[in-house]
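When we follow the working numbering, the leftmost residue of the sequence shown carries the number 9, and every step to the right adds one. Virtual Cβ for every residue (Gly too), placed ideally from N, Cα, C. As the structure is a prediction and not an experimental result, all values here were calculated from the model. Report on the structure given below.
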Amino acid sequence: MIEIAERFKSVKEYYFSVKLQEISKMRSEGIEVLNLGIGSPDLPPDKAAIDALINSVVKSDMHAYQPYRSGTELRESMSKFYENRYNVNLNSETEVLPLLGSKEGIMYISLAFLNPGDEVLIPNPGYPAYSAITTLVGATVRSFDLVEENDWLPDFEALEGEDLSKVKIMWVNYPNMPTGTNASAQLFKKLIEFGKKYNILIINDNPYSLVLNEFPQSILKFDTHKEHVLELNSLSKSFNMAGWRVGMVAGHKQYINAILQAKSNVDSGMFLPVQKAASQALTLPQKWHDERNSVYAKRKKIALELLNHLDCEVKPNQVGMFLWAKLPAHIESVRGFIDDILHNTHVFLTPGEIFGTNGNRFIRLSLCSTEQDFELAIQRILKWKAKELSLVS
Ligand SMILES: Cc1ncc(COP(=O)(O)O)c(C=O)c1O
9 MIEIAERFKS
19 VKEYYFSVKL
29 QEISKMRSEG
39 IEVLNLGIGS
49 PDLPPDKAAI
59 DALINSVVKS
69 DMHAYQPYRS
79 GTELRESMSK
89 FYENRYNVNL
99 NSETEVLPLL
109 GSKEGIMYIS
119 LAFLNPGDEV
129 LIPNPGYPAY
139 SAITTLVGAT
149 VRSFDLVEEN
159 DWLPDFEALE
169 GEDLSKVKIM
179 WVNYPNMPTG
189 TNASAQLFKK
199 LIEFGKKYNI
209 LIINDNPYSL
219 VLNEFPQSIL
229 KFDTHKEHVL
239 ELNSLSKSFN
249 MAGWRVGMVA
259 GHKQYINAIL
269 QAKSNVDSGM
279 FLPVQKAASQ
289 ALTLPQKWHD
299 ERNSVYAKRK
309 KIALELLNHL
319 DCEVKPNQVG
329 MFLWAKLPAH
339 IESVRGFIDD
349 ILHNTHVFLT
359 PGEIFGTNGN
369 RFIRLSLCST
379 EQDFELAIQR
389 ILKWKAKELS
399 LVS
């Protein structure tokens, strides 16, 4: 057997990749598992987007390799989307690059900017790919704390007290996953100020701005020269197109070129019918987003009830597709608690510690299941609790 590369000795398989295998094994044994953990929208994309794909896929001139930076139509739709949504002007030729989902953008940005020895500020808790990819490219993870007491915002004073001379990139993600903290102009201004002062590239990962959020913001609005900032965005959550793999990175043309240099050596462009569908989706009016959000809002109500039954504490005003909830003090192991729920009620919730040590008293619940599924999960949990109580007494 050939030994696997050293780099994978410290980067483990993605938690969900492992957990979903366990869930699908349970399902293959006939167990009806309710997955309330994963953030993959169950609602469909808009019909016009699907039609755009169907109508183009049957044409003979749709099947060739596509330009690495995708076609003009998609880039123009992305740039218009930024103008309409966030009041940010992007040159569609040079300042926006479509991606096969924003996750690959984390890799290409890291390849484009990081040398071994460079340090990267990574939020704890945060999306696990930031630290995994930083390690894979040989750079050094410097995690910074997001804590409940500071409303899950970076503590700039604490950061400024540290030696930042080797830090090249800082990942942020507002609206925040997993904590549901919203973005604000004040936060983005502070981040840019911090980036300029210490010559750090601030990258905001922004896939949740249109979900249950009245004031979508882009960090790009706050750095007119775009010298210390990049933004990732995605159609996965905002347009119910997670499986289609469409995202984008936006920013200064020199940075976009460097990212393209990385990307063009790895993938070979986006399938043209998918580009057509994405362009169509990006034009959807606010009404479409309002309808999606009203479905999530109804689910959120029942999800809050469910968390109440688990004696969890939930901060109000969370935005995005998840609820971040604090477990009661008597629970000792969050993973143990999650596994107990999974094996006793066949309901899967995400343990907060997979997002970092600061998440270790928390769980994340996704709103990507129907109201009926939430109701069913509540019934199962209540039944389980009653059984536990009867065993105790
Ligand atoms: C914070 C964050 N960034 C990026 C992604 C990846 O999104 P995409 O589907 O665009 O690759 C996710 C997906 O769960 C996410 O939660």
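Just measuring C-alpha positions, the residue of Ser217, Gln194, Tyr216 sitting nearest Phe230 is Gln194.
For Arg35, no pairing in a beta bridge is given by DSSP. Counting other Cβ atoms within 10 Å of its Cβ, Pro52 stays below 16 and is therefore classed as exposed.
Tyr23 and Glu235 have their C-alpha atoms spaced approximately 34 Å apart.
For the alpha helix (DSSP H) assignment, the uninterrupted runs of no fewer than 4 residues enclosed by the segment 60-124 are, from N- to C-terminal side, 80-94, 110-121. In this structure, the alpha-carbon of Arg300 lies about 9 Å from that of Ser246.
The three-state reading of DSSP puts Glu170 in coil, since its state is none of H, G, I, E or B. Using a 10 angstroms sphere on the CB of Leu390, the tally of other CB atoms stays under 16, which defines it as exposed. Under the three-state reduction of DSSP, Ala333 is assigned to strand. When DSSP states are grouped into helix, strand and coil, Lys245 belongs to the coil group. In this structure, the C-beta of Asn301 stays at least 7 Å away from each heavy atom of ligand 1. Comparing alpha-carbon positions, the option among Val322, Lys309, Ile346 lying closest to Glu383 turns out to be Lys309.
DSSP, reduced to helix, strand and coil, places Asn368 outside both helices and strands of the structure shown, so it counts as coil. A residue is listed when its beta-carbon falls short of 6 Å from at least one non-hydrogen atom of ligand 1; in chain order these are Gly47, Gly109, Ser110, Lys111, Tyr135, Asn181, Met185, Asp213, Pro215, Ser242, Ser244, Ala250, Gly255.
The continuous stretches of beta strand (DSSP E) do not include Ser18, which lies in the alpha helix (DSSP H) extending over residues 15-18. The segment 366-380 and the segment 30-40 do not touch, with fewer than three beta-carbon pairs separated by less than 8 Å. Per DSSP, the unbroken alpha helix (DSSP H) holding Ser272 starts and ends at 261-272. A residue is called buried once 16 or more other Cβ atoms fall within 10 Å of its Cβ, and Asn221 is buried on that count. Three or more Cβ pairs drawn from the segment 129-139 and the segment 350-366 lie within less than 8 Å of each other, which places the two stretches in contact. Between the alpha carbons of Leu350 and Phe330 lies a distance of about 19 Å.
It is roughly 38 Å from the alpha-carbon of Asn214 to the alpha-carbon of Lys393. The Cβ neighbour count for Ser87, taken over all protein chains shown within 10 Å, is at least 16; the residue is labelled buried.
Between the C-alpha atoms of Pro75 and Phe279 there is a straight-line separation of about 10 Å. The shortest C-alpha to C-alpha distance from Lys55 to any of Thr291, Asn316, Ala120 is the one to Thr291.
As DSSP reads the structure, Asp213 sits in a beta bridge with Leu240. A distance below 8 Å separates the beta carbons of Val128 and Trp179.
With a beta-carbon spacing of about 6 Å, Ile211 and Ile177 fall inside the 8 Å limit used to define contacts.
At the C-beta level, Gly277 and Tyr73 come within 8 Å of one another.
Residue state for Asn190 is assigned as coil, using DSSP reduced to three classes. Assigned with DSSP and collapsed to three states, Ala258 falls in strand. Trp179 is bridged by DSSP to Ile211.
DSSP, reduced to helix, strand and coil, places Asp381 within a helical segment of the structure shown. Of all alpha-carbon atoms in Ala311, Leu397, Asn325, Ser118, the one lying nearest the alpha-carbon of Gly45 is that of Ala311. The closest CA to that of Ala385, considering only Gly344, Val342, His317, is found on His317.
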